[in-house]
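Just so we're on the same page, this note's numbering is the position in the sequence shown counted from 1, plus 57. Ideal Cβ placement from N, Cα and C applies to all residues, glycine included. Here's the structure, in structure tokens; my notes come after.
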Amino acid sequence: MKRTAIIVFLILSYFTVSTYAQQNKVDVSYVGNSGFLINIGDKKILIDALFKGFEGDYILPQKIQDKLINAKVPFDDVDLILVTHAHGDHVDLDMVKQYMQNNPKTVFASTQQLINVLTDSTNRWIGFNPTKEKPESKVIGDIKIEAFYLPHGPDSRIINNGFLITVNGISFFHTGDVDFDQFTFEEFQSLQLQERKIDLSFIQHFYLTSDSISRQFVTKGIGGKYIIPIHYHFTTPIFDSILIKQNYPEAILFNEELQTWHMPTKNDEKSTLGEYYFNQPPPGDSAVVFAPGIISLSNRLESNIVFNPDGKECYFGVLEIKDRQVSCKIYQSIFDNNKWTEQTEAPFSLNQNISDPLLSADGQKLYFNKEGDIWMINRISDGWSAAEKLPAPINSDAYEGNITESADGVIYISSRRPEGFGGIDNWRINRLPDQSLQAENLGLLMNSLYFDYSPFIAPDGSYLIFGSYRALRDGLLYISFNEGDDNWTIPINMNRCGAKVNNATAHHSNPSLSPDGKYLFFRRHEADTVMDVYWVSAEILKPLKEKALQEYSSQKLTHLKGDYLGQTPPGNIPEVFAPGIVSIASTIEHGSPTFSPDGNEVFWQVNSANQKTILCLTMRREKNVWTAPKISPYDSSPVFSPDGYRLYYLPFGEENGEKDGPHFVEKEGESWSSPVCMDLIKRFPEIKAVYNHSFTNSGTLYFLGHAEGYWNNFAIYRSELIDGEYAQPELLPGSINIPGEIRNWTPFIAPDESYLLFSSSRAKDKNDTGDIYISFRNVDGDWTSPVSLGEEVNSERPERFPSVTPDGKYLFFSRFVSKYNEDVMWVSAEIIDELKVKNNKK
């Protein structure tokens with residue numbers, strides 16, 4: 058008897074729970090513009106969906122119009138139709154009449170103004186006439202409707218009602234076309250919407266992308282567990298999904314008509330937080346090992362983990378070391394019958410040596426790395442397809458690392474291909490109009506002269522996380538946010554706002570996001586035998602985004618307009634030139650930038666701190682906007698001739714003529730000629746090398762060359778151009794070239810040869826191995842005793858590579874900030890004019 062009672066109780070409990078779950082099931086289907094079909098339990102509600110649109114802007118697809126007016130699936134058996142106001146992008150009266158004829162059980166509710174036009178003798182037409190101060194409530198069957206008067210504009214003749222609907226304890230609020238400017242915040246807050254604990258808030262999209270006042274109305278005036286943007290069309294500014302997701306990560310976005318979203322139930326949320334993540338307690342803003350003893354084991358190395366969209370499959374990489382041989386494998390576990398299956402090597406991984414699994418946003422593709430190339434398998438009915446190596450330009454002859462893909466199919470990879478800036482760079486794969494693919498280097502924003510690797514793009518494309526050695530330490534995770542129009546914020550360390558993601562002594566890689574968007578997973582490698590999967594709350598992204606948008610906007614690095622990269626001109630105190638563009642904290646700017654006389658082109662050399670990477674970078678001004686930095690083929694020490702028609706440089710590599718000294722290219726329209734060797738070392742082998750070349754208007758060359766008895770056996774030379782050939786180089790006098798251990802180098806000659814700038818250690822300060830000096834050339838060709846440019850220019854740190862801009866306005870030079878960082882400085886060139894005046898008085 059007791060057993061029978063228990064069985065009956067369990068059966069009744071099952072049906073009670075099952076019925077409750079069905080009553081609280083919520084599906085939201087996007088119809089078009091501001092129109093939605095909302096299913097709550099067995100109730101169907103259609104709001105602002107019976108409309109056609111406008112020619113030349115947006116027309117609701119005809120097949121959807123036909124289903125609506127004929128009450129066909131999914132629009133059959135609708136219990137309630139709501140219309141917020143009588144504008145043509147929200148309602149078409151003929152469509153309403155046709156639908157009401159084809160579905161006799163439906164009730165139509167709207168403003169009393171619209172009902173007065175549509176009403177008939179039945180009670181199926183319900184009008185609302187709330188005031189700004191007092192809403193109006195009515196109950197239709199099991200559906201409670203509260204109407205709020207929310208003005209469309211200051212003197213709109215069309216009345217707009219916002220509707221708060223409650224069914225089975227589930228509530229949603231639709232603003233219609235409210236104009237928040239018609240309320241003070243206190244007036245709007247008095248409606249007490251926020252206290253209603255709304256589940257779904259349908260709000261115009263432009264209030265989700267605008268200022269803090271709008272945010273106050275949205276978050277504190279309305280609230281809502283889930284925010285759903287409305288008015289996809291007919292507005293300015295246009296719909297900006299990236300910015301909406303940046304501001305409201307929980308926002309629900311739709312990509313096409315009749316797309317449906319299922320609102321998670323409390324049971325769903327409990328499962329997602331519990332069983333779906335191996336019953337692990339959720340992390341906070343400090344990263345912790347994920348599933349220790351389950352996924353992260355002490356006797357093996359785990360590389361990364363990914364989950365499929367419903368959270369019931371996981372794949373993770375494992376590195377196994379045996380007899381000093383490393384093998385890479387991918388393991389899997391499936392959540393089945395309320396528990397995770399035993400972790401086993403995935404069938405597609407057997408005997409393959411593959412790593413770094415990555416699932417596409419829809420879970421239908423799985424990418425992995427195999428021996429330095431990226432491969433893919435497709436989900437099929439009984440598992441996964443055979444693996445295929447992805448074509449060029451995703452793969453190349455170089456090493457490819459990780460791959461990541463946004464929900465709309467945009468692919469990012471890391472690659473060691475030679476066109477990059479550093480050892481490994483981040484790239485994007487673009488699809489061209491002809492459907493072919495093109496690899497695009499993400500530039501010096503997402504890349505540096507070091508390793509930049511392991512990118513992860515957010516499913517909605519709103520941010521990019523990647524690993525980097527740019528801080529001159531083991532790889533740390535950085536994040537950059539998409540500001541719209543493919544403008545990205547300057548990457549910042551993910552510890553920037555107090556979260557503990559990066560460990561300064563560990564290597565980090567393989568970031569990924571949990572399918573519910575709540576957690577960030579990544580790999581941390583702390584020692585040869587310690588490598589685990591970590592996770593941290595994705596809530597840390599919110600302050601990082603705010604910080605990035607406020608302080609690290611790409612506007613500081615892009616849209617540069619005006620002379621000298623749009624930088625504010627300096628005064629008499631030197632300032633860092635173009636920080637983050639030319640002067641980068643983790644690099645050595647080896648030389649001053651050289652600008653063309655028209656100011657429209659610039660070249661400069663940059664070295665990595667370990668000197669293993671040396672690049673010549675260039676930018677051009679086109680329609681008054683400077684292009685992003687790109688790698689120039691003119692290897693090092695770029696210098697324009699005073700007339701701008703030649704660019705001199707030093708090549709790398711024997712095959713390029715490195716041992717032959719400087720080469721030059723000549724301007725040919727918008728491009729440059731083939732390189733020509735100056736043949737100086739061939740003609741004058743005793744000088745052995747030519748460094749720091751600088752030219753006068755007449756072509757006379759000043760440079761640093763070999764000279765016995767001077768510092769490091771180098772000194773400053775002068776060679777005059779006579780009948781198209783350079784004469785025997787002559788050492789400058791002892792007042793400039795001091796014999797012994799005093800270094801005198803990096804010369805710059807004035808175009809009119811009236812003065813010489815150079816760096817010298819003659820101050821004999823052990824901590825300062827170089828200051829900038831100037832010597833003036835008198836009419837008889839003699840040189841004055843060099844004088845220091847003074848404390849305004851020379852500091853306690855070494856300065857070198859002086860040069861003056863073609864317009865004579867500014868002095869450039871470099872200054873060591875640290876052992877691993879040398880920045881370009883600039884200052885007004887008036888100091889030279891002042892010293893010239895003093896010299897002329899002598």
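Pairwise C-alpha distance: residue j and residue i
{"i": "D212", "j": "M433", "result": "58 Å"}
{"i": "I295", "j": "D146", "result": "15 Å"}
{"i": "P568", "j": "F259", "result": "32 Å"}
{"i": "I585", "j": "D430", "result": "Here the sequence assigns Asp to residue 585, which means Ile is not the residue at that position. Cα to Cα, the separation comes out at about 24 Å."}
{"i": "L672", "j": "N452", "result": "24 Å"}
{"i": "Y77", "j": "T562", "result": "Unreliable placement is indicated for Y77, whose pLDDT of 41 sits below 50; no coordinate value is reported for it."}
{"i": "N81", "j": "G350", "result": "37 Å"}
{"i": "D531", "j": "Y774", "result": "43 Å"}
{"i": "L330", "j": "D573", "result": "For L330, the pLDDT reaches just 34, beneath the cut-off of 50, and the residue's location in the model is therefore unreliable, leaving the point undetermined."}
{"i": "D717", "j": "I547", "result": "40 Å"}
{"i": "E370", "j": "I470", "result": "24 Å"}
{"i": "E326", "j": "G368", "result": "Confidence in E326 is poor, its pLDDT being 45 and thus under 50, which makes the residue's placement too unreliable to answer from."}
{"i": "S842", "j": "K687", "result": "41 Å"}
{"i": "D114", "j": "H144", "result": "15 Å"}
{"i": "G98", "j": "N544", "result": "43 Å"}
{"i": "S417", "j": "F347", "result": "22 Å"}
{"i": "F335", "j": "W397", "result": "7 Å"}
{"i": "D413", "j": "A449", "result": "20 Å"}
{"i": "G701", "j": "V894", "result": "29 Å"}
{"i": "Q495", "j": "N225", "result": "52 Å"}
{"i": "S328", "j": "K618", "result": "With a pLDDT of 40 at S328, under the threshold of 50, the modelled position of that residue is not reliable, and no figure is offered here."}
{"i": "T188", "j": "F230", "result": "17 Å"}
{"i": "S343", "j": "T644", "result": "30 Å"}
{"i": "K422", "j": "L415", "result": "8 Å"}
{"i": "N312", "j": "E445", "result": "29 Å"}
{"i": "I183", "j": "D199", "result": "15 Å"}
{"i": "L707", "j": "V747", "result": "9 Å"}
{"i": "N361", "j": "N408", "result": "19 Å"}
Anticipated Cβ contact below 8 Å, residue i with residue j, distance rounded
{"i": "G518", "j": "L534", "result": "Between L534 and G518 the Cβ distance is about 18 Å, and since that is not below 8 Å, they are no contact."}
{"i": "W840", "j": "E798", "result": "With a Cβ gap of about 22 Å, W840 and E798 do not count as contacting."}
{"i": "S649", "j": "F425", "result": "No, S649 and F425 are not in contact; Cβ-Cβ is about 47 Å, not under 8 Å."}
{"i": "S852", "j": "R872", "result": "7 Å"}
{"i": "N483", "j": "L499", "result": "5 Å"}
{"i": "V593", "j": "P338", "result": "No, V593 and P338 are not in contact; Cβ-Cβ is about 13 Å, not under 8 Å."}
{"i": "I411", "j": "I387", "result": "6 Å"}
{"i": "E583", "j": "N559", "result": "With 8 Å as the limit, E583 and N559 do not qualify as a contact, their Cβ atoms being about 12 Å apart."}
Residues that residue i bridges to, as DSSP identifies them
{"i": "Q662", "result": "C673"}
{"i": "V633", "result": "M882"}
{"i": "Q495", "result": "N487"}
{"i": "N544", "result": "G541"}
{"i": "S569", "result": "F578"}
{"i": "P286", "result": "I260"}
{"i": "V164", "result": "L137"}
{"i": "Y520", "result": "F538"}
{"i": "G184", "result": "S167"}
{"i": "T317", "result": "S86"}
{"i": "S384", "result": "E377"}
{"i": "A584", "result": "V587"}
{"i": "N96", "result": "D84 and K101"}
{"i": "Q389", "result": "Y372 and T401"}
The ligand FAD heavy atom lying under 7 Å from the CB of residue i
{"i": "D99", "result": "Ligands in the displayed structure: none, and consequently the ligand FAD is not present."}
Kindly confirm or deny that the segment 260-278 and the segment 130-144 touch, where touching means at least three C-beta pairs closer than 8 Å. no
Under 8 Å: do the segment 225-245 and the segment 278-286 share three or more Cβ pairs, one atom per stretch? Result yes; three or more Cβ-Cβ pairs closer than 8 Å.
May I have a chain-ordered list of the beta strand (DSSP E) segments no shorter than 3 residues that lie completely inside the segment 247-280? Correct list: 257-261.
Considering only residues of the segment 831-890, which uninterrupted beta strand (DSSP E) runs meet the minimum length of 3 residues and lie entirely inside it, listed in chain order? If we require 3 residues or more, the beta strand (DSSP E) runs fully inside the segment 831-890 come out as 856-861, 867-875 and 878-885.
Quick check on the DSSP output: what are the complete beta strand (DSSP E) runs of length 3 or more inside the segment 392-472, in order along the chain? 411-416, 422-427, 430-437, 457-462 and 468-472
Please confirm if the segment 662-677 is in contact with the segment 493-506, defined as three or more CB-CB distances below 8 Å between the two stretches. yes
Any contact of the segment 384-400 with the segment 594-602, i.e. 3+ C-beta pairs under 8 Å? no
Can you check the segment 331-372 for any beta strand (DSSP E) of at least 3 residues that lies completely inside it and give the ranges in chain order? Taking only runs of at least 3 residues, the beta strand (DSSP E) segments lying wholly in the segment 331-372 are 358-364.
At a cut of 8 Å, does the segment 617-626 reach the segment 575-584 through at least three beta carbon pairs? Judged by Cβ distances under 8 Å, the segment 617-626 makes no contact with the segment 575-584, as fewer than three pairs qualify.
Taking contact to mean at least 3 C-beta pairs separated by less than 8 Å, is the segment 722-734 in contact with the segment 776-788? no
Ignoring anything shorter than 3 residues, give me the beta strand (DSSP E) runs that lie fully in the segment 693-740, in order along the chain. 693-697, 703-707 and 720-725
Contact between the segment 194-208 and the segment 223-240 (3+ Cβ pairs under 8 Å): They touch, by the three-pair rule.
When you compare the segment 549-566 with the segment 604-611, are there three or more beta-carbon pairs, one atom per stretch, that lie closer than 8 Å? yes
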